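Numbering (my numbering), first residue to last: 1013 to 1505.
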């Protein structure tokens, strides 16, 4: 009996069974995949993105190096402070690290450096530091360069130390090629090099620390200098806390023997004025139809960096300069739809007042106090008017933000700018400021900031009352690159 034809055909169509591929074939494919991945990683790191760990606090508090956190024993404000590693060169230690022995810190909010903020890092309770911030750096835009992708003022950039070409530095760009750069009263001023006389460029091309330029040279240079205002994005990381009223000091300068302790606080002009600023929520209850004022008191606003105020011998010092670029921010909740509120902000002899009524009308004035006593109202000159996004309605919270920054005064309400000065209204006198820079003593007359809040016939509450100051740049020389190809960079403190 023969096999059916279909069965024979099916048998012929059965596929053959092949042996498994050699094991070394799979190993080779895996090895090739790893090599390709490594090549892509190296290319990506070299030309696209590279990760860095911030080693030091030169850019703090914007970017922090090795640091630790501490809650102030006096005001309960929590802050970060820098930790310094030991410096070892040629096998010899040139500087002890912060963690070598106990140390003290100074609170950036209340200024307390006494009990609870001293004796940190003891044998019984050693401090365990946090590593520096980690960042990803986009590399290819700067490699391509040009006006669109190259370094711009206020960018944060990473570059090699020009002296050894190995060590990575991270700084903020403050100067661009082809310009003369001056640091005056904490601000950045520049002039295009082609507008500056050649004899002045020759002088500036050789940096000399603490050099005093001749009066005629200062005069000629100052005519060409223009202040460089920071971008909104950069500025947000450059505000430094002076005082947060959510964390008021538990002590005052009278009830402690601590040297030079004068914490910030809000002080009514009169004891029976209707103001209650004893706690984090500030309240005002009108007792008459007059203006009643609340002043920022305590130690002056200076270039003091709490991040760097770490000492092993209890010798922290405030910065030597008064800072006039400040910001006042708070949330106000009116308890009625009547009355007015006013905010005063001063930088040295430059005084301004913003007045807001319940209907939402806003007026910005400059106040002339020439020849008048300090407690007088002064002569008001109207600079600008505006309208709030909405009226001041009872029990509706509104955020106010008044700032004097880089010779521009502005008021924002709920994040929207309502009024501001123009350059015609308010601009720096570079020549006067450069002359003041060489004068002995503090810069009180030109730069000390003062802030006041006034209310008339408007019961209200204020929360999250904060005062910040701008970064204060310093330099010991005048900057000009005769080659015209270098960017100037600066750390934050």
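Here a beta-carbon is modelled for each residue, glycine too, at the ideal position from N, C-alpha and C.
Predicted model, so just to flag it, every value in this text is computed and none were measured.
Buried versus exposed, by CB contacts within 10 Å (16 or more), residue i
i, result
"residue 1282", "exposed"
"residue 1365", "buried"
"residue 1124", "buried"
"residue 1087", "buried"
"residue 1415", "buried"
"residue 1316", "buried"
"residue 1344", "buried"
"residue 965", "Outside the shown range of the chain (1013 to 1505) lies residue 965, about which nothing can therefore be said."
"residue 1110", "buried"
"residue 1500", "buried"
"residue 1488", "exposed"
"residue 1251", "buried"
"residue 1294", "buried"
"residue 1122", "buried"
"residue 1045", "exposed"
"residue 1386", "exposed"
"residue 1442", "buried"
"residue 1076", "buried"
"residue 1137", "exposed"
Closest Cα partner of residue i within the set the options
i, options, result
"residue 1259", "1288, 1476, 1225 and 1480", "1476"
"residue 1120", "1273, 1190 and 1419", "1273"
"residue 1198", "1448, 1039, 1470 and 1424", "1448"
"residue 1419", "1411, 1471, 1363 and 1374", "1363"
"residue 1337", "1253, 1067, 1136 and 1150", "1253"
"residue 1379", "1350, 1371, 1359 and 1406", "1359"
"residue 1166", "1130, 1248 and 1443", "1248"
"residue 1144", "1094, 1314 and 1333", "1094"
"residue 1482", "1241, 1117 and 1092", "1241"
"residue 1463", "1097, 1305 and 1233", "1305"
"residue 1398", "1043, 1413, 1368 and 1386", "1368"
"residue 1396", "1382, 1438, 1140 and 1408", "1438"
"residue 1230", "1053, 1157, 1216 and 1432", "1216"
"residue 1071", "1408, 1169 and 1153", "1169"
"residue 1184", "1191, 1203, 1164 and 1172", "1164"
"residue 1190", "1196, 1092, 1180 and 1203", "1203"
"residue 1152", "1089, 1114, 1060 and 1115", "1060"
"residue 1266", "1257, 1310 and 1228", "1310"
"residue 1436", "1222, 1465 and 1394", "1394"
"residue 1067", "1078, 1057 and 1058", "1078"
Residue i, DSSP secondary structure in three states
i, result
"residue 1327", "Caution is warranted here: a pLDDT of 47 is assigned to residue 1327, below 50, making its placement in the model unreliable, and no coordinate value can be reported."
"residue 1195", "strand"
"residue 1306", "strand"
"residue 1369", "strand"
"residue 1150", "strand"
"residue 1517", "Outside the modelled stretch of the chain, which goes from 1013 to 1505, sits residue 1517, for which no answer is possible."
"residue 1178", "coil"
"residue 1053", "helix"
"residue 1486", "coil"
"residue 1140", "coil"
"residue 1384", "coil"
"residue 1048", "helix"
"residue 1314", "strand"
"residue 1042", "helix"
"residue 1355", "strand"
"residue 1062", "strand"
"residue 1400", "coil"
"residue 1205", "helix"
"residue 1110", "helix"
"residue 1319", "helix"
"residue 1362", "strand"
"residue 1214", "helix"
"residue 1391", "strand"
Residue i CB to nearest heavy atom of the ligand HEM below 8 Å
i, result
"residue 1072", "Here there are no bound small molecules, and the ligand HEM is not part of this structure."
C-beta contact flag for residue i and residue j at 9 Å
i, j, result
"residue 1288", "residue 1296", "yes"
"residue 1255", "residue 1478", "yes"
"residue 1280", "residue 1286", "yes"
"residue 1335", "residue 1361", "no"
"residue 1374", "residue 1421", "no"
"residue 1201", "residue 1225", "no"
"residue 1133", "residue 1118", "no"
"residue 1413", "residue 1074", "no"
"residue 1469", "residue 1372", "no"
"residue 1085", "residue 1140", "no"
"residue 1432", "residue 1355", "no"
"residue 1370", "residue 1388", "no"
"residue 1114", "residue 1126", "no"
"residue 1471", "residue 1404", "no"
Notebook entry, point to check: What are the start and end residues of each continuous alpha helix (DSSP H) run of 4 or more residues lying completely inside the stretch 1402–1473, in chain order?
Noted result: Entirely contained in the stretch 1402–1473, the alpha helix (DSSP H) runs reaching 4 residues are, in chain order, 1442–1449 and 1456–1459.
Note to self: Just to confirm the assignment: which complete alpha helix (DSSP H) runs, minimum length 4, are found wholly within the stretch 1219–1263?
What the structure shows: 1227–1234 and 1244–1248
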